[in-house]
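Visitor: Sending over a structure as structure tokens; questions will come in a sec.
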Amino acid sequence: MSNLERRLSTSVLVIGTGGSGLRAAIELAERGVDVLAVGKRPKLDAHTSLAAGGINAALGTMDAEDSWQQHAADTIKESYLLANPHTVQIVAQGAARGIHDLERFGMGFAREEDGRISQRFFGAHKYRRTAFAGDYTGLEIQRALVRRATQLSVPILDTVYITRLLVRDNVVFGAYGFDVNDGTRYLVHADAVILAAGGHTRIWRRTSSRRDENTGDSFRLAVLAGARLRDPELVQFHPSGILEPENAAGTLVSEAARGEGGILRNAVGERFMERYDPERMELSTRDRVALAAYTEIKQGRGTPNGGVWLDVSHLPRETIMNRLPRVYQMMLELQMRDITTSPMEIAPTAHYSMGGVWVRPEDHGTDVAGLYAIGEAASGLHGANRLGGNSLIELLVYGRIVGATAADYTAGLDAQRRSREAVGEARAEIDGLLSADGRENVRALQRAIRNTMTEHAGVVRDEQGLRTGLTELGAIEDRMTDIGVHPDIAGYQDLAHAFDLKASALAARATLEAALERRETRGCHNRSDYPNLDPTLQVNLVWSPTAGIVREEIPPVPTEIAELMQDVSTVGKLVE
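Residue numbers (this note's numbering): -17 to 558.
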């Protein structure tokens, strides 16, 4: 076992090597500021690389009348009025620059014959404003960012798991962690820390995240440091995740499958969207389609594996091969299923954390001095329903802003005070786990949390279910005091899973408590016992383990944006 502890020092530490973390690191490096990026996943395979659809900006290349104000209006309307208007304005105004940054980093966008960037419709957008690269936009963005970071010689350690942020008197001074391969400890001193370690969707049984990502790490690190969470109950369930094989359950079938004319049927062969949204049918919004599929399954009209059928086999074979190449390939590889001749079995899957760490709109600073959060780790932009394509632009806009803010913050420090106690606690936490030889298996407890969340805090929730969920979670937390951790010759994955488990438990508690408090149905949050929207709950719910839940007022929408918030036609658009 490694007892080695490496001590590193940097001006700014970025935790997470996906799109937002890399964009912040690039901004710092371009300003000549010393930066270190660490992550627990390979940098070319961060979660950002899975994003398929596209990235939004009111460039007006296809529809000249589009504007940042209209982009902001569409975003706020679709958030069910829970988005922070200031946050939305910053993203909508900064979006075009975000696209130009990507071009500067060498990203290849799909273009029209005259060289303009192509833009396509995504649902609930009034105009065509989604730029893209095939059906692998996120992967191209990630590659472009990794290339640029490499050109700038940004050091990236993508086998380091951060277990604690180091704080003294509510000021961050670094972080502690270990190498997932050989167990080497890392003590990193930093003037500022940018948290970009994703959301918490992996705490459900079916999710579009992979096994070891989005386990709520950002939430736990922030809360233990003294920050708070906002709207953790607002989680977007994507309508179409596959059910088999077990190890890939929840993997997305792109919404392009519905956009190109795919049909949804229940086990009795009914085209069930007629019941839920007869006008838009399969092109309805994510929250509606997910709720419809969930209801069909719950009422006993689901397929043998507890899903519904999504069928594209009536489409011309060349349409499928040209427009849905990744879906075709994936289903062949995972299930030996040819989607040109047979339907796919799908069910709703936990997809995106719309809430996250509480941050200020202007600079994404938290309650802790020198600590920032960006990307899916942060909150404020999406409210109760995220517009498809907004998450990718958010990474670029706030990655740049927070990089610049952290650069100024570190330049303005006279000195930095550290705390031996804080470092001692972080060391002791890992030591304690490594010597833990209890009876409970970490993976079994992770599964227990996922079962509880799926059962009691999934697509549809109610008071009794959420209270049962909290009781079950309490029992799981008790069992967590008796876990066994056994690093082996293959590395320290077991220790990493133990920290994933701690993060998942905290994220689950925040989610259940906030979902209990939001006694209404709004966007992604369906309460069967409170089916209507409650105007008094047009607030953000801010959670901490000490203060519980506090209601936070949302600032008014500026007039120039409010005037544009009318219903948007969805004819012929891929909704979200």
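Even for Gly, the Cβ is constructed at its ideal location relative to N, Cα and C.
Determine which residues share a DSSP beta bridge with Glu422 and list them.
Guide: Stepping through the sequence shown from its first residue, residue 422 is reached at position 440. Glu422 pairs with Ile465.
Visitor: Mapping DSSP to helix, strand and coil, what is Leu455?
Guide: As a working note, residue 455 is residue 473 in the sequence shown. Residue state, collapsed to three classes: helix.
Visitor: Per DSSP, Trp291 is paired with what?
Guide: Translated into the one-based positions of the sequence shown, residue 291 becomes position 309. According to DSSP, which records beta bridges pairwise, Trp291 is partnered with Arg247, Glu327.
Visitor: Tell me the rounded alpha-carbon separation between Leu488 and Thr43.
Guide: As a first step, residue 488 is located in the sequence shown; it is residue number 506 there, counting from the start. As a first step, residue 43 is located in the sequence shown; it is residue number 61 there, counting from the start. Each residue's Cα considered, the two are about 44 Å apart.
Visitor: Is it true that the CB of Ser486 sits closer than 8 Å to the CB of Gln428?
Guide: Sequence index remark: in the sequence shown, residue 428 carries index 446 (1-based). Sequence index remark: in the sequence shown, residue 486 carries index 504 (1-based). Their beta carbons are under 8 Å apart, which means Gln428 touches Ser486 by this criterion.
Visitor: Cα separation between Gly227 and Arg125?
Guide: In the sequence shown, counting from the first residue as 1, residue 227 sits at position 245. In the sequence shown, counting from the first residue as 1, residue 125 sits at position 143. Note that residue 227 is Pro in the sequence shown, not Gly. Looking at the two C-alpha atoms, the distance is approximately 29 Å.
Visitor: Leu63 to Pro517, Cα distance in whole Å?
Guide: Sequence index remark: in the sequence shown, residue 63 carries index 81 (1-based). Sequence index remark: in the sequence shown, residue 517 carries index 535 (1-based). Approximately 10 Å, taken between the alpha carbons.
Visitor: I need the DSSP call for Asn38, collapsed to helix, strand or coil.
Guide: Here residue 38 corresponds to residue number 56 of the sequence shown, with the count starting at 1. DSSP places Asn38 in strand when its eight states are reduced to three.
Visitor: Which same chain residues, not among the five before or five after Thr189, have their C-beta less than 8 Å away from its C-beta?
Guide: Taking the first residue of the sequence shown as 1, we reach residue 189 at position 207. Excluding positions up to five away in sequence, the list reads Thr183, Asn196, Gly223, Gly232, Thr331, Ala332, His333.
Visitor: Assess, as a yes-or-no matter, whether the region 148 to 167 is touched by the region 69 to 89 under the definition of 3 or more beta carbon pairs within less than 8 Å.
Guide: Judged by Cβ distances under 8 Å, the region 69 to 89 makes no contact with the region 148 to 167, as fewer than three pairs qualify.
Visitor: Rank Arg240, Arg102, Arg212 by C-alpha distance to the C-alpha of Asn66 and give the top, closest one.
Guide: Taking the sequence shown and counting its residues from 1, one reaches residue 66 at position 84. Checked all of Arg240, Arg102, Arg212; the closest Cα to Asn66 is Arg212.
Visitor: Using the DSSP secondary-structure output, state which residues sit across from Trp525 in a beta bridge.
Guide: The residue labelled residue 525 in the question sits at position 543 within the sequence shown. In the DSSP output, where bridge partners are listed per residue, Trp525 has Leu211, Ile531.
Visitor: Exposed or buried, Thr348, counting other C-beta atoms within 10 Å across all chains shown (16 or more means buried)?
Guide: As a first step, residue 348 must be located in the sequence shown, where it is residue number 366. Thr348 is buried by the Cβ-count criterion.
Visitor: Please go through the same chain and pick out, in chain order, the residues whose beta-carbon is closer than 7 Å to the beta-carbon of Tyr310, but skip the five residues on each side of it.
Guide: Here residue 310 is taken as the residue at index 328 of the sequence shown, counted from 1. Correct list, in chain order: Ile302, Met303, Ile321.
Visitor: If you draw a straight line from the C-alpha of Met263 to the C-alpha of Val379, how long is it?
Guide: Start at 1 with the first residue of the sequence shown, and residue 263 comes out as number 281. Start at 1 with the first residue of the sequence shown, and residue 379 comes out as number 397. Approximately 34 Å between the Cα atoms of the pair.
Visitor: With a threshold of 7 Å (Cβ to nearest heavy atom), would Asp464 be considered close to the ligand GTP?
Guide: Of the ligands one can find in the structure shown there are none, so the ligand GTP has no counterpart to examine.
Visitor: Quick one: complete alpha helix (DSSP H) runs, 4+ long, within the region 351 to 407?
Guide: Listed in chain order, the complete alpha helix (DSSP H) runs (minimum 4 residues) inside the region 351 to 407 are 372 to 393.
Visitor: For Leu556 and Arg240, what's the separation of their Cα atoms in angstroms?
Guide: Position 574 of the sequence shown, counted from the start, is the residue given in the question as residue 556. Position 258 of the sequence shown, counted from the start, is the residue given in the question as residue 240. Below a pLDDT of 50, predicted positions are generally treated as unreliable, and Leu556, at 49, falls in that range; the measurement from the model is reported next regardless. About 8 Å.
Visitor: If you check the beta carbons only, do Ala19 and Leu32 fall under 8 Å apart?
Guide: Position 37 of the sequence shown, counting from 1, holds the residue named residue 19. Position 50 of the sequence shown, counting from 1, holds the residue named residue 32. Not a contact, by the Cβ cut-off of 8 Å.
Visitor: Determine which residues share a DSSP beta bridge with His171 and list them.
Guide: For the purposes of this step, residue 171 is identified with residue 189 of the sequence shown, where counting begins at 1. His171 pairs with Ser(-9), Gly156.
Visitor: Cutting at 7 Å between CB atoms, please list the residues of its own chain near Gln75, excluding the five before and the five after it.
Guide: Taking the sequence shown and counting its residues from 1, one reaches residue 75 at position 93. Same-chain partners within the cutoff: Trp50.
Visitor: Decide if Thr552 is buried, meaning its Cβ has at least 16 other Cβ atoms within 10 Å, or exposed.
Guide: Numbered from 1 along the sequence shown, position 570 holds the residue referred to as residue 552. A caution first: Thr552 carries a pLDDT of 49, below 50, which makes its placement in the model unreliable, though a value can still be read off. By the 10 Å Cβ count, Thr552 comes out buried.
Visitor: Between which two residues does the beta strand (DSSP E) containing Arg146 stretch?
Guide: For the purposes of this step, residue 146 is taken as residue 164 along the sequence shown, with counting starting at 1. Its beta strand (DSSP E) spans residues 142 to 150.
Visitor: In whole angstroms, what separates the C-alpha of Leu416 from that of Val467?
Guide: Here residue 416 corresponds to residue number 434 of the sequence shown, with the count starting at 1. Here residue 467 corresponds to residue number 485 of the sequence shown, with the count starting at 1. Rounded to whole angstroms, Leu416 to Val467 spans 6 Å at the Cα level.
Visitor: Pick helix, strand or coil for Pro537, following the three-state DSSP scheme.
Guide: Here residue 537 refers to the residue found at position 555 of the sequence shown. In the structure shown, Pro537 sits in coil (DSSP, three-state: anything other than H, G, I, E or B).
Visitor: Secondary structure at Tyr334, three-state DSSP: helix, strand or coil?
Guide: Translated into positions along the sequence shown, residue 334 becomes position 352. Strand, per DSSP.
Visitor: Verify whether the separation of the beta carbon atoms of Ala77 and Ala46 is less than 8 Å.
Guide: Here residue 77 refers to the residue found at position 95 of the sequence shown. Here residue 46 refers to the residue found at position 64 of the sequence shown. Against a cut-off of 8 Å, the Cβ pair of Ala46 and Ala77 comes out as no contact.
Visitor: To the nearest angstrom, how far is the alpha carbon of Glu376 from that of Pro286?
Guide: Here the question's residue 376 lines up with position 394 in the sequence shown. Here the question's residue 286 lines up with position 304 in the sequence shown. Answer to the nearest angstrom: the Cα atoms are 39 Å apart.
Visitor: Is the Cβ-Cβ distance between Ile356 and Ser2 less than 8 Å?
Guide: Sequence index remark: in the sequence shown, residue 356 carries index 374 (1-based). Sequence index remark: in the sequence shown, residue 2 carries index 20 (1-based). Going by C-beta atoms, Ile356 is nearer than 8 Å to Ser2.
Visitor: Taking just the CA atoms, how far does Gly505 sit from Arg23?
Guide: The residue labelled residue 23 in the question sits at position 41 within the sequence shown. The residue labelled residue 505 in the question sits at position 523 within the sequence shown. In a straight line, the C-alpha of Arg23 is about 32 Å away from that of Gly505.
Visitor: Measuring CB to CB, does Gln101 end up less than 8 Å from Ala115?
Guide: Along the sequence shown, read from residue 1 onward, the residue named residue 101 stands at position 119. Along the sequence shown, read from residue 1 onward, the residue named residue 115 stands at position 133. No, they are not a contact pair.
Visitor: So the candidates are Val(-4), Val217, His346, Glu252; which of them puts its Cα closest to the Cα of Ala172?
Guide: Within the sequence shown, the letter at position 190 stands for residue 172. Measuring from the Cα of Ala172, the nearest candidate turns out to be Val(-4).
Visitor: Taking buried to mean at least 16 other C-beta atoms within 10 Å of its own C-beta, is Pro570 buried or exposed?
Guide: What the structure shows of the chain is the stretch from -17 to 558, and residue 570 is not part of that stretch, so it cannot be assessed.
Visitor: In whole angstroms, give me the CA-to-CA distance for Tyr512 and Asp444.
Guide: Translated into the one-based positions of the sequence shown, residue 512 becomes position 530. Translated into the one-based positions of the sequence shown, residue 444 becomes position 462. Spanning the two alpha carbons is a distance of roughly 8 Å.
Visitor: Please list, in chain order, all residues of the same chain as Arg270 whose beta carbon is under 7 Å from its beta carbon, the five residues on each side excluded.
Guide: Numbered from 1 along the sequence shown, position 288 holds the residue referred to as residue 270. Correct list, in chain order: Tyr258, Asp259.
Visitor: Distance check for Thr277 and Glu558, CA to CA, integer angstroms please.
Guide: Within the sequence shown, numbered from 1, the residue matching residue 558 stands at position 576. Within the sequence shown, numbered from 1, the residue matching residue 277 stands at position 295. Annotation note: pLDDT 43 at Glu558 (below 50); position unreliable, coordinate value reported separately. Rounded to whole angstroms, Glu558 to Thr277 spans 21 Å at the Cα level.
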